[in-house]
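S.K.:
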Amino acid sequence: MAIQARQLSDAFCDEFPVQDALAVQAREHSARWGVRAVSPAAASLLTVLAAISGARQVVEVGTGSGVSTLALLEGLPAGATLTTMDIDSTREHLAKEAIKAGGFDLTHRVRAITGDASGILRRLSENSYDLAFVDADAENFAHYVYECLALLKPGGLLIAHDALNSGLVASPATRDTITQNHREVLTALREIDDIFISLVHAGEGLLLVYKK
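In this text, residue positions in the sequence shown follow my numbering: the first is 53, and each later residue adds one.
1) Tell me which residues share the same chain as Leu201 and place their Cβ nearer than 7 angstroms to its Cβ, disregarding the 5 neighbours each side in the sequence.
2) Leaving aside the five residues before and after Arg235 along the sequence, list all residues of the same chain whose C-beta is less than 6 angstroms from its C-beta, in chain order.
3) Use the C-beta contact count for Pro206: other C-beta atoms within 10 angstroms, 16 or more gives buried, fewer gives exposed.
4) Contact between the segment 153-160 and the segment 176-189 is defined here as three or more beta-carbon pairs at a separation below 8 angstroms; is this criterion met?
5) Check whether the segment 69-89 touches the segment 237-248, counting contact only when three or more Cβ pairs, one atom from each stretch, lie closer than 8 angstroms.
6) Between the Cα of Leu161 and those of Ala169, Asp138, Leu124, Phe185, spot the shortest distance and give me the residue it belongs to.
7) Closer than 7 angstroms by C-beta to Val252: which residues in its own chain qualify, once you throw out the five before and the five after it? Chain order, please.
8) My understanding is that Ala188 touches Val237, with C-beta atoms under 8 angstroms, so please give their C-beta distance in whole angstroms.
9) DSSP puts Val87 in a beta bridge; with which residues?
10) Roughly how many angstroms separate the alpha carbons of Val113 and Tyr196, rounded to a whole number?
11) Please state the DSSP three-state secondary structure of Ile230.
12) Pick out whichever of Ile139, Leu173, Val76 has its Cα sitting closest to the Cα of Thr166.
Take a look at the structure:
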């Protein structure tokens, strides 16, 4: 009964947010191209967190078809800039079309980069960003988390999607390399003194890290 209640709660939370036509279209593109997108519940939380943070400089690792990008942009204040990256040119093209359709300036407001995130992140300045969102390949989860933490200013917020690796982290019997790496990151973060952390059951699990 408890599991069924959890499933019903998850479904209710995903149906609760009001999605505009642009968000729905971005989700349809994600489904058509086999691109995983954040759930409606997670997307609405991204919008709220972006608004609360008042972030001016934002970095997103894993643009996808633009579902999370649009959610972040909706909550960000006027004048904020977002740098987003994806290794796949088709996904980046879909996201750019969605961003333009949303009325966001791809010249000054959004910088969309196609390429390997590891290389791009190394070229960005440390202690320069207010908000970072990670939703990319699970194999490099630890790398992206630590790289983005270094990019954040004090008072910055890191949000990492799929922190539970599709729920496998919660299963002690699952000990594949990727799941173990996720566990190690979560354990290591709990030992760091100059951050606050929270693990939120939204979407595939959102890791929130506030840099003191």
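Cβ atoms here follow ideal geometry from the backbone N, Cα and C, with glycine treated the same way.
M.R.: Taking the definition as stated:
1) Leu210, Val261, Lys263
2) Val221
3) exposed
4) no
5) no
6) Reading off the sequence shown, one finds Arg at residue 161, where the question assumed Leu. Checked all of Ala169, Asp138, Leu124, Phe185; the closest Cα to Arg161 is Leu124.
7) Leu258, Leu260
8) Not quite, the Cβ-Cβ distance comes to about 14 angstroms (not below 8 angstroms), so this is no contact.
9) Val87 pairs with nothing; no bridge assigned.
10) 8 angstroms
11) helix
12) Ile139
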